[in-house]
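Have a look at the structure below, then the notes.
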Amino acid sequence: MSQQKATDAPATDQAKAATVQPSLATAMAATSKPTESLESVKEYQEKRRKAEGKHHWNDEKRHGFHLFLLVSPLLLFSILFSYYPLFGWVYAFYDYQPPIPLSESKFVGWQWFTMLWSNPTQLRAIGQVLLNTFGISGLGIITSFFPVMFAIALNEIRSKWFRNLIQTLTTLPNFISWVLVYAIAFALFSSTGMVNSVLQNLGWIHKPIHFLDSGSHVWLKMWAWSTWKGLGWGAILYLASLTGIDPELYEAAQVDGANRWQQIIHITVPQLLPTYFVLLMLSVSNFLNNGMDQYFVFQNAFTQEHIQVLDLYVYNIGMGQNSLSLATAISMLKSVVSVILLWAVNTASKKIRGVSIV
Amino acid sequence: MRRFFGMLKSHHISSDHYDRHSWHLSRATRSHVGAAIALLTSASLVLAGCGSASSQSADTSDDGKMMTVDVFDQIGNVGGLQKGWFAKIIKDKFKIRLNYITPNVSGGGDSLFDTRTAAGNLGDLIITNTGDGRLAKLVKAGLLTDMTPYMKNETYLKKFKSSAQQVEKLAGKKGIWGYGQDVSDRSPSEPAEIYAPKAAPYIMWNYYREIGYPRIKNLDDFVGVLKRMQDQARKDTGKNDIWALSLFKDWDGNAMANAQIMTNWYGFWQEGQVLAYGNGTQRQTSLDRKGIYQKTLRFLHKCEAAGIVDPDSSTQSWDQRTTKMNNEKILMTFWSWDGKLKVNSAENKAKGVGFELAPLEDQKDYVSGNLPNGNIGSIIAIGSKAKNKQRLVNFINWLYSPDGMYSSAAVSGTPCPKGLCWVMKNGQPALTDFGEKAFYNPAGLNVPASWGGGGFAEGQSGLNFQTVNYSDIDPSTHEPFDPRVWKSELAKKNPLDSDWSAHMGGAKTDMEYLEKHHEYVVQPGASYASPEEDSQISTVRNQINTAIIQHSWKAVVANSDAGFDSEISKMIDTANGLGFAKIQKIDDANIAAHVKACDEVVAQYKAKH
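Chains as they are written, first to last, in this note's numbering: chain A, 31 to 388; chain B, 110 to 718.
This is the structure we're talking about:
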């Protein structure tokens, strides 16, 4: 996308051209006259092409070939893992039912896609899934400053052993798999779990509270679990950048009479912001990929309506309901939505910062 | 995409010197990339081609070596190698070890079936469901062995060849592809169960006795009785975690399984979302507000409102519920084979404690008729890549023999082999002490070393495939395989059964009581499996099933009657919106076809006898 744009751009915009237009960049670098007109560039290219015609395998080329060999494994991997799987998209256009091989399956064209918006109920189902995806991801992004606050708070703890203890305890959950997290959740919050038993024995409630098997506040509960699991881990990067802040800044502030709170507001926070924005951008780009293992383990008949995010929906349809072709079609839609999101963020970035991300 | 461009870009801006070459290089690269793509494409074609090739030539040779047989077992409940005494029997007889590959254990629905079939080898021995065209697909993809060339000496398979013929019809290709479950010699209009129906209300009889045998006219009465039983049980034991009902979600398929099974108490069976009574009358759907499914849903909801449903119901699994059942924490079950086999141990029966059929007065329990052609809904077959096929056919033949029946004890509803579990006494079969324990309460029972040692329960067959109906007569004993109706067993007395019998008008078996009160209905036993349906339809069907299960559960645990009704309304709206009418049309046709098959099989049997 950006490549095409850059081709249309005038040659005077040197920075842009250099990043994206190889032939121009090569030519200009060779002539070392960046402001020269397009005519002379073309002339130069012509000359080079003629020169190449004479001796085919000159040193430069050999050197370049070696460099190519260096990147080729990476190229191969990106083809293998990013492009080759796209071959699987053909399943969305067939009526694939194992064990009948694809070659003998019926070609159905856009059937699975049209089915998705064939009637209002289907449309509502997809809409609800997208809403869940956006909702849960959105909650995560809105609260993405939590780790920053946590890191700052942690940094302000004077007692070293206590700080280390807190940090270890909060980082640990990150290494527990979601299946085990669910086991913990079940032990604590099931109808006969610890929390309900304690509350009942205290006489505070008479009927057990349905923590796990109710459809209300599912997004919040899921957000709470992922925060519990990821808070300590998320703070690590900020702790690292906290140590990188120049102590002179603090000293200067102290000399100026700033108290601890003022130091946090005027030094720590601004110093952490660049890191925060990089991470925020990364999480925006992962907007649709909120994973499925967490929601998979927490899903049941009661939570399903609000917990089914896109990835889980694809799994449920493909693996749970055995409709592999439809699942493929839906996951293709995910790519489409991703591209739209990317385009939107990129446009916004260009408008606001004047620099495109992609 | 981004990664790819990003890589090129960073290369360009890294240094002017390198830049000079990169463009030419990428031109040179193009042919490489092209070659790579061509290579990958051809590789994928080769890979895709793997599954389709298969040879069907008969090879009756046998290497005579011990072999491990991979069993893909869709209805099995254990994974891994067969252990214990059953393993020893088949090792001695056939030199085989069974290795079970079971979706029920691995989880993930049909994904195991899909991946294995796509790889071209489902297993050596295959026990699979056949409905929705699955059998036809397996045969078409060349994954099953035609057993025709191996049938020379297979007495029992020849005896039940009508089952193979039904399977052949379903497969749509000539050959002997497999055999159905539960085949029988007896009349299809007679009940296949001679002791107890599979599904009927069973209650902890001792608590029912304690509250004074109240009348149970209908389901509404039943709620009250269960509530009183629960109160009594909690008072007697001082335990507050005893519940009248404990539900679970594992078996939810096209509706909430616990409510669905109760429709059997009223004589209904179903194809997809359409239910029919007895031999196909009174058709209705799960969405009918006055239909039987919603009646049983409402019963569960009333139980929930009365506070007699285990609060773990919506989250627990079948295994967790089984533990509770074994610990006598549940007072009512939907099946004859559930509580009775788990709680009614000899000691308990001597104390008068255990499960018995409840005298629910309006029950009309559904009982399947005998199946002359077997139940071809799931079949046993041999994979096309299996080795020593003759030996495997011999093994299947043995499974259909009386010897094989007794060896598959617990699964087949028989006692374990003669000599260990039963002996002939005065010309009649009679259970040994070991046999009695093994049949009614095998927990903790160990097998003698000469029979292979180990725990009895752990060593029983994991195939979970009922070959011959246990109500059939064993020609060597002249009594049915099912020991519960042996003369020697019925003569035994214990306080529990005697009390029940005295209260139920002297009935000796559940079927005897139900017959006297006209409280069961027989559907003639026809072999029927639903045909393949359009995959778009089955996708819609799956969505509807999910919606119905979801709203059924929500309705059952709703806080109020209004909440129940609103969930039911949502269920009906969603299902209709997704295209319920289409599904109903197909299920109606399937019911009609099933009924027709029933009539045919009855006529066929009459013509023969």
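Heads up, the beta-carbon is just placed ideally off N, CA and C, and yes, glycines get one too.
With C-beta atoms as the reference, is residue i less than 8 Å away from residue j?
i, j, result
"Q403 of chain B", "I677 of chain B", "yes"
"N367 of chain B", "L384 of chain B", "no"
"A301 of chain B", "N578 of chain B", "yes"
"L266 of chain B", "I491 of chain B", "no"
"L354 of chain B", "D419 of chain B", "yes"
"S639 of chain B", "N484 of chain B", "no"
"S647 of chain B", "T239 of chain B", "no"
"A357 of chain A", "G348 of chain A", "yes"
"K473 of chain B", "Y622 of chain B", "no"
"A280 of chain B", "V248 of chain B", "yes"
"M176 of chain B", "K496 of chain B", "yes"
"E203 of chain A", "W258 of chain A", "Note on identity: in this sequence residue 203 of chain A is Pro, with Glu being the wrong assignment. Result yes, Cβ atoms of P203 of chain A and W258 of chain A sit closer than 8 Å."
"A552 of chain B", "A566 of chain B", "yes"
"E380 of chain B", "D608 of chain B", "no"
"E641 of chain B", "D241 of chain B", "yes"
"L318 of chain A", "L342 of chain A", "no"
"W322 of chain A", "Y345 of chain A", "Per the sequence presented here, residue 322 of chain A reads as Met, with Trp not at that position. Contact: yes."
"N363 of chain B", "Q393 of chain B", "no"
"I76 of chain B", "L440 of chain B", "For chain B, the structure presents residues 110 to 718; residue 76 of chain B sits outside this window and is missing."
"W391 of chain A", "T201 of chain A", "Past the boundaries of the shown model lies residue 391 of chain A; chain A is included only from 31 to 388, so the question cannot be answered."
"K719 of chain B", "W560 of chain B", "One cannot answer for residue 719 of chain B here, as it falls past the ends of chain B, which runs 110 to 718."
"G522 of chain B", "F590 of chain B", "yes"
"G634 of chain B", "S477 of chain B", "yes"
"G615 of chain B", "W194 of chain B", "no"
"K747 of chain B", "V332 of chain B", "There is simply no residue 747 of chain B to check, as chain B begins at 110 and stops at 718 in what is shown."
"T306 of chain B", "D619 of chain B", "One point to set straight first is that residue 306 of chain B is Pro, not Thr, in the sequence displayed. A contact, by the Cβ cut-off of 8 Å."
"A181 of chain A", "L303 of chain A", "no"
Pull the bridge partners of residue i from the DSSP assignment, please.
i, result
"M313 of chain B", "B:F464"
"L279 of chain B", "Beta-bridge pairing links L279 of chain B to no other residue."
"V209 of chain A", "Paired residue(s): none; V209 of chain A is not in a bridge."
"S442 of chain B", "In the sequence under discussion, the amino acid at residue 442 of chain B is Thr, which differs from the Ser named in the question. B:Y311, per the DSSP bridge assignment."
"I491 of chain B", "B:L234"
"L85 of chain B", "Nothing about residue 85 of chain B can be read from this structure; chain B reaches only from 110 to 718."
"L480 of chain B", "B:V292"
"P589 of chain B", "B:I582"
"W194 of chain B", "In DSSP, W194 of chain B forms no bridge with anything."
"D474 of chain B", "B:Y629"
Runs of 3 residues minimum, wholly inside the stretch 380-417 of chain B: which ones carry the beta strand (DSSP E) assignment? 383-386 and 390-394
Quiz item: Does the pairing of the stretch 191-211 of chain B with the stretch 540-551 of chain B give three or more beta-carbon distances under 8 Å?
Solution: no
Quick test of the definition: if touching needs 3 or more C-beta pairs under 8 Å, does the stretch 195-207 of chain B touch the stretch 459-472 of chain B?
no
query: Taking only runs of the beta strand (DSSP E) that begin and end inside the stretch 510-536 of chain B, which ones reach a length of at least 3 residues, in chain order?
result: 531-534
Note to self: Under 7 Å, CB to CB, which of the residues in the stretch 320-333 of chain A have a partner in chain B?
What the structure shows: Legend: CB atoms of the stretch 320-333 of chain A lying less than 7 Å from CB atoms of chain B belong to residues N330, A331 and F332.
Members of the stretch 276-304 of chain A near chain B, C-beta cut-off 9 Å: none
Segments of 3+ residues assigned as beta strand (DSSP E) that fall wholly inside the stretch 230-289 of chain B = 234-238
Can you list, in chain order, the residues of the stretch 247-279 of chain B whose Cβ is nearer than 7 Å to any Cβ on chain A?
L247, K249, A250 and L252
Hey, which unbroken runs of the alpha helix (DSSP H) at 4 residues or more fall wholly within the stretch 315-381 of chain A? Counting only runs that start and end inside the stretch 315-381 of chain A, the alpha helix (DSSP H) elements of at least 4 residues fall at 323-328, 334-337 and 340-345.
Practice prompt. Would you list, in sequence order, the uninterrupted alpha helix (DSSP H) runs of no fewer than 4 residues that lie entirely inside the stretch 609-646 of chain B?
Written response: 619-625
* chain B contacts made by the stretch 123-148 of chain A, where a contact means CB separation under 7 Å -> D125, Q127, P128, P129, I130, P131, L132, S133, Q141 and M145
Quiz prompt | the stretch 422-438 of chain B touching the stretch 568-583 of chain B, judged by at least three CB pairs closer than 8 Å | solution = In this structure the stretch 422-438 of chain B does not touch the stretch 568-583 of chain B; the number of beta carbon pairs closer than 8 Å is below three.
- Task: Please list the residues of the stretch 237-252 of chain A that have a C-beta atom closer than 7 Å to any C-beta atom in chain B, keeping them in chain order.
- Result: P238, L242 and D243
| request: May I ask you to verify whether the stretch 394-411 of chain B touches the stretch 666-677 of chain B, counting CB pairs closer than 8 Å and requiring at least 3? | output: yes
_the stretch 654-687 of chain B: positions lying closer than 7 Å to chain A by Cβ_ = Taking 7 Å as the cut-off between beta carbons, the residues of the stretch 654-687 of chain B near chain A are I658, Q659, W662, K663, T683, G686 and L687, in sequence order.
### Task
Take every Cβ of the stretch 168-175 of chain A, pair it with every Cβ of the stretch 233-248 of chain A, and state whether three or more of those distances are shorter than 8 Å.
no
Requested in this report: May I ask you to list, following chain order, the residues of the stretch 411-430 of chain B that have a beta carbon less than 7 Å from some beta carbon of chain A?
Outcome: P420, D421, S423 and T424
Between the stretch 344-377 of chain A and chain B, which residues of the former have CB atoms less than 9 Å from a CB of the latter, in chain order? N346, I347, G348, M349, G350, Q351, N352, S353, L354, S355, L356, V369 and L372
Secondary structure, alpha helix (DSSP H): runs of 4+ residues fully inside the stretch 297-375 of chain B:
Every alpha helix (DSSP H) stretch that sits fully inside the stretch 297-375 of chain B and reaches 4 residues is listed by chain position as 314-319, 328-346 and 366-372.
Does the contact criterion of 3 or more C-beta pairs under 8 Å hold for the stretch 580-593 of chain B versus the stretch 289-307 of chain B? yes
Using 8 Å as the threshold, is the stretch 678-696 of chain B in touch with the stretch 140-153 of chain A, meaning 3 or more CB pairs across them? yes
Segment contact flag, the stretch 263-277 of chain B with the stretch 602-621 of chain B, C-beta cutoff 8 Å, min 3 pairs
Result no; under three Cβ-Cβ pairs closer than 8 Å.
**Report entry** chain A contacts made by the stretch 357-370 of chain B, where a contact means CB separation under 7 Å
**Finding:** K358
Between the stretch 181-196 of chain A and the stretch 208-227 of chain A, can you find at least three pairs of beta-carbon atoms closer than 8 Å? no
Worksheet entry | Contact residues within the stretch 212-224 of chain A, judged by C-beta distance below 9 Å to chain B | Going along the stretch 212-224 of chain A in chain order, one finds F216, S220, S221 and T222 with a Cβ nearer than 9 Å to chain B.
Query raised in the report: Along the stretch 389-412 of chain B, what residues have a CB closer than 8 Å to any CB found in chain A?
Result: none
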